[in-house]
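The structure appears below as structure tokens.
Numbering (my numbering), first residue to last: 52 to 256.
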């Protein structure tokens, strides 16, 4: 249709197109063909939640929905914990309490946050407090509707620790009397390298 000069609208029930749906590849494909693209502004939960959160909104990090489990979820929780900026997340209602509990564990229970639901709708509600307070509340009163979670930043850059050198750490573990198997497993856990790489490193020493 675009090739014939007709106008095409991208509409999604997931909110603003390309933010929480996979529409970005369509926009990219259209741009590759020099198709002009215009936006039709509409309500966005990100801006609305920031506005009512009471937290700093001059700079923020939007992470959308976190993975439900696994190393990528842990990595992104760590990103939230270390962010100097306010962080905005989306979450499904049944998982809000679990997300807040994980955020409290990663960021510290006293980190300020806000949970906004059903923004711009009849039953709009925003609750603010510490992560541990909010986790307790939503464990007892599960959220309903579309939920946006806003978490305050650290307010200052967090200095990144340099990861340990795998070779030096492997030698140190062996020097402690560990078996090569145990040393390799500990090395993989501490440095983030794969177990195969850890076993190879240890066996080369």
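In this text, a Cβ means the ideal position worked out from N, Cα and C, and glycines have one as well.
Could you tell me the alpha carbon to alpha carbon distance between residue i and residue j, rounded to whole angstroms?
i: residue 192; j: residue 69; result: 32 Å
i: residue 87; j: residue 79; result: 11 Å
i: residue 180; j: residue 155; result: 12 Å
i: residue 194; j: residue 166; result: 9 Å
i: residue 126; j: residue 239; result: 16 Å
i: residue 96; j: residue 132; result: 22 Å
i: residue 121; j: residue 115; result: 16 Å
i: residue 94; j: residue 241; result: 44 Å
i: residue 148; j: residue 140; result: 13 Å
i: residue 234; j: residue 244; result: 13 Å
i: residue 224; j: residue 251; result: 14 Å
i: residue 176; j: residue 123; result: 30 Å
How far does the beta strand (DSSP E) with residue i in it extend, from its first residue to its last?
i: residue 115; result: 111–116
Under three-state DSSP, which class holds residue i?
i: residue 204; result: coil
i: residue 228; result: coil
i: residue 76; result: helix
i: residue 178; result: strand
i: residue 124; result: helix
i: residue 92; result: coil
i: residue 87; result: coil
i: residue 97; result: helix
i: residue 133; result: helix
i: residue 52; result: coil
i: residue 217; result: helix
i: residue 82; result: helix
i: residue 102; result: helix
i: residue 236; result: helix
i: residue 191; result: helix
i: residue 63; result: coil
Who does residue i pair with in a DSSP beta bridge?
i: residue 199; result: 141 and 167
Please check if any C-beta of chain B sits within less than 7 Å of the C-beta of residue i.
i: residue 234; result: In the displayed structure, chain B is absent; only one protein chain is listed.
Checking 7 Å against the spacing of the C-beta atoms, do residue i and residue j come in under that value?
i: residue 203; j: residue 163; result: yes
i: residue 160; j: residue 183; result: yes
i: residue 144; j: residue 198; result: yes
i: residue 100; j: residue 173; result: no
i: residue 135; j: residue 205; result: yes
If I follow the unbroken alpha helix (DSSP H) through residue i, where does it start and stop?
i: residue 154; result: 147–158
i: residue 249; result: 246–255
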